[in-house]
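Visitor: Position 209, counted from 1, in the sequence shown is what UniProt numbering calls 209; the numbers after and before it change by one each time, with no gaps.
C-beta: ideal position from N, C-alpha, C; glycine also.
Predicted model only: the values in this text are computed from it and were never measured.
The structure under discussion is supplied below as structure tokens; questions concerning it will follow.
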Amino acid sequence: MKEIHLLKRMAQTLMSGQSRQTYDPWRPQWHLSPLVGLMNDPNGFIQHNGRYHLFYQWNPLACAHGAKCWGHWSSADLVHWRHEPVALLPVERYESHGCYSGSAVADNGVLTLIYTGNVKYDDGSRTAYQCLATENADGEFDKLGPVLTLPEGYTGHVRDPKVWRYQDCWYMVLGAQDATLQGKILLYRSDNLRQWQLLGEIAGSRLNGLGDFGYMWECPDLFPLDGWDVLICCPQGLAAEDERYLNTYQSGYFVGHLEGEQGRFTHQAFNELDHGFEFYAPQTTLSDDGRRLLFGWMGVPDQNEFQQPTIAHGWIHTMTCPRELTLRDGRLYQLPARELQRLRLREYQWQGTASYAPALPAGSAELSLDIQGEFQAHFADQMTLNWDGERLSLSRRHRLTGEPEHRYWRGTTLYHLQILCDRSSVEIFINHGQAVMSSRYFPDGDATIRFQGSGSILLRHWLLSPCVIE
Ligand code: FRU
1 MKEIHLLKRM AQTLMSGQSR QTYDPWRPQW HLSPLVGLMN DPNGFIQHNG RYHLFYQWNP
61 LACAHGAKCW GHWSSADLVH WRHEPVALLP VERYESHGCY SGSAVADNGV LTLIYTGNVK
121 YDDGSRTAYQ CLATENADGE FDKLGPVLTL PEGYTGHVRD PKVWRYQDCW YMVLGAQDAT
181 LQGKILLYRS DNLRQWQLLG EIAGSRLNGL GDFGYMWECP DLFPLDGWDV LICCPQGLAA
241 EDERYLNTYQ SGYFVGHLEG EQGRFTHQAF NELDHGFEFY APQTTLSDDG RRLLFGWMGV
301 PDQNEFQQPT IAHGWIHTMT CPRELTLRDG RLYQLPAREL QRLRLREYQW QGTASYAPAL
361 PAGSAELSLD IQGEFQAHFA DQMTLNWDGE RLSLSRRHRL TGEPEHRYWR GTTLYHLQIL
421 CDRSSVEIFI NHGQAVMSSR YFPDGDATIR FQGSGSILLR HWLLSPCVIE
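So, in structure tokens, the structure goes:
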């Protein structure tokens, strides 16, 4: 009954959402975003039988967090996506307050979802169940119920299972908060996805030489890359520094070596995955052709989300573009997935001193810039990127206070930028993937990008063709 009730209300929000979308200057042309309601984390990213599947945390009923569903898109090429039946609705007792984030695997050829059933009680406490669901012949998902309850010694904040297969076993990492309110990542093993054995805490606050490093770690991902193991996680509760940890919550990675059997992960320092204003809860998968691909959420929880003006159009938030990961000198490099080049229309080239460059359309566009010297780019006069020879700063005005706010990347030199613009977002790839800045902004009309500075630039510009989700 609860399911029918939810479906009726979803139909209503989708129908009334149609009319609000007519004049929407901020709706992405080729990024994934919800038609109505609030979308957050990417979930269950996998290439299965040749097709990519991306699920997402979705509250279709309001532009607010709440009892999340799993929406579902699929694609043959990472560029053209289609809507699939909603995969999970939070209707069972063990997921009463949301089918929270998780991952997907192929279990003997069957697409299987592992997610967190989130349950909140009236007294403010909560619990979490790790649950399974398997795809049926209709492309819908049958729930198998919880396979894991809270481990001893942790609060109700244990969630976001990421599962992978290694040799003959399944492994899973979970984000967790221990009883002393320290954020941790737990490693489990299973033969059958049903019975799970805790191998240990592999990383966390006050672990492996880290000092205090947050009260909760969300959305872990762990994968081999170029001879190392990389742990991605999202620590909450890091103190902001002058140039780091400036978002409400962080998203970053540790490079190291996993000894699965021992439940041990020796790792290097934490690095942020993105230096922009909006990035969180990324998830990766391995493609059939051997690439490690990543989608992130271009949003951050509790960071002035509800000041975003798309709410007037009935939706909020977008995914990042799909990215390819590599490891170089102990650092993650990210580049837009090569498939995105298919969106490029006619190329325009220009060379000279930045100040003399023409303003260019940036509504749905890609730019590639070779840069030598001092350089600035202005996005619709709302956001500025400034390279002063030592530091790259991205600046905009705080939506609530109107005060300037900044994000930074520091490097020995800036020699290349690849910039993807899509209506209300920019993703800035620095020095062929060395760092990224992802941010939302809300230009009044058709956005243009303007340049300034004494540096010389060689620029290439493409308009990108729109690509709606079918
Ligand atoms: C991260 C997160 C996850 C949780 C989900 C709920 O943004 O808080 O930890 O599973 O969102 O939507």
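#1: With a threshold of 6 Å (Cβ to nearest heavy atom), would Arg244 be considered close to the ligand FRU?
#2: For Tyr348, which three-state DSSP category applies?
#3: Going by the C-beta, is Asp282 closer than 6 Å to any heavy atom of the ligand FRU?
#4: If we ignore side chains and look at the alpha-carbon of each, how far apart do His317 and Glu261 end up?
#5: List in chain order: all unbroken beta strand (DSSP E) runs of 3+ residues lying wholly within the UniProt domain "Glycosyl hydrolase family 32 C-terminal" (414 to 448).
#6: Considering only residues of the same chain and omitting the five flanking positions on each side of Glu141, which have a CB-CB separation below 7 Å?
#7: Can you have a look at Tyr166 and say buried or exposed, based on whether 16 or more other CB atoms are within 10 angstroms of its CB?
#8: With 16 as the cutoff for other CB atoms within 10 Å, does Ala240 come out buried or exposed?
#9: Ignore the nearest five residues each way along the sequence and tell me which others in His72's own chain have a CB closer than 6 Å to its CB.
#10: From the DSSP output, read off the bridge partner residues of residue 516.
#11: Kindly give me the distance between the Cβ atoms of Arg342 and Val79, rounded to whole angstroms, as I take these residues to be in contact under 8 Å.
#12: Return the Cβ separation of Gly156 and Ser125 in integer angstroms, given the expectation that the two are a contact with Cβ distance under 8 Å.
#13: Can you grab the Cα-Cα spacing for the pair Ala435 / Phe429, in whole Å?
#14: Could you tell me whether the Cβ atoms of Ser101 and Asp178 are closer together than 7 Å?
#15: Rounded to whole angstroms, how far is the Cβ of Leu369 from the Cβ of Leu459, which I believe are closer than 8 Å?
#16: Can you tell me which of Gln197, Val255, His267 puts its alpha carbon nearest to the alpha carbon of Leu207?
#17: What would DSSP say about Ile46, mapped onto helix, strand or coil?
#18: Pull up the distance between the alpha-carbon of Gln334 and that of Asn431, whole angstroms please.
#19: Please tell me whether, using a cut-off of 6 Å, the distance from the CB of Asp274 to the nearest non-hydrogen atom of the ligand FRU is below it.
#20: So Met216 is in the beta strand (DSSP E); what residue range does that whole segment cover?
#21: Have a look at Phe279, Cys131, Val110 and flag the residue whose alpha-carbon is nearest the alpha-carbon of Arg407.
#22: Determine the contact status of His378 and Arg440, defining contact as a CB-CB distance below 7 Å.
#23: Give the straight-line distance between the Cα atoms of Cys321 and Asn59, rounded to the nearest whole angstrom.
#24: Extract the residue ranges of the beta strand (DSSP E) inside the segment 182 to 256, only unbroken runs of 3 or more that lie entirely within it.
#25: With a threshold of 6 Å (Cβ to nearest heavy atom), would Tyr249 be considered close to the ligand FRU?
#26: Quick check: what's the CA-CA separation for Phe306 versus Leu144?
#27: Answer with buried or exposed for Val468, where buried requires no fewer than 16 other C-beta atoms within 10 angstroms of its C-beta.
#28: With 16 as the cutoff for other CB atoms within 10 Å, does residue 475 come out buried or exposed?
#29: Between Tyr52 and the ligand FRU, is the CB less than 6 Å from at least one heavy atom?
#30: In whole angstroms, what separates the C-alpha of Leu340 from that of Leu385?
#31: Confirm, please, whether the CB-CB distance from Pro151 to Leu198 is below 7 Å.
#32: Confirm, please, whether the CB-CB distance from Gly183 to Gly211 is below 7 Å.
#33: For the ligand FRU, is there any heavy atom lying closer than 6 Å to the beta carbon of Arg328?
#34: Quick one: give me the first and last residue of the beta strand (DSSP E) that Thr134 is part of.
#35: Distance check for Leu32 and Arg189, CA to CA, integer angstroms please.
Guide: Taking the structure as given:
#1: no
#2: strand
#3: Note on identity: in this sequence residue 282 is Pro, with Asp being the wrong assignment. Every heavy atom of the ligand FRU is 6 Å or more from the Cβ of Pro282, so no.
#4: 39 Å
#5: 416 to 422, 425 to 430, 435 to 440
#6: The sequence shown places Phe at residue 141, rather than the Glu named in the question. The residues are Ala87, Leu88, Leu113, Ala133, Thr134, Glu135.
#7: exposed
#8: exposed
#9: Phe55, Glu84, Ala87
#10: Nothing can be reported for residue 516, as the shown portion of the chain is limited to 1 through 470.
#11: 6 Å
#12: 6 Å
#13: 6 Å
#14: no
#15: 5 Å
#16: His267
#17: strand
#18: 10 Å
#19: no
#20: 216 to 225
#21: Phe279
#22: no
#23: 21 Å
#24: 183 to 190, 197 to 204, 216 to 225, 228 to 236
#25: no
#26: 35 Å
#27: exposed
#28: One cannot answer for residue 475 here, as it falls past the ends of the chain, which runs 1 to 470.
#29: no
#30: 23 Å
#31: yes
#32: no
#33: no
#34: 126 to 135
#35: 33 Å
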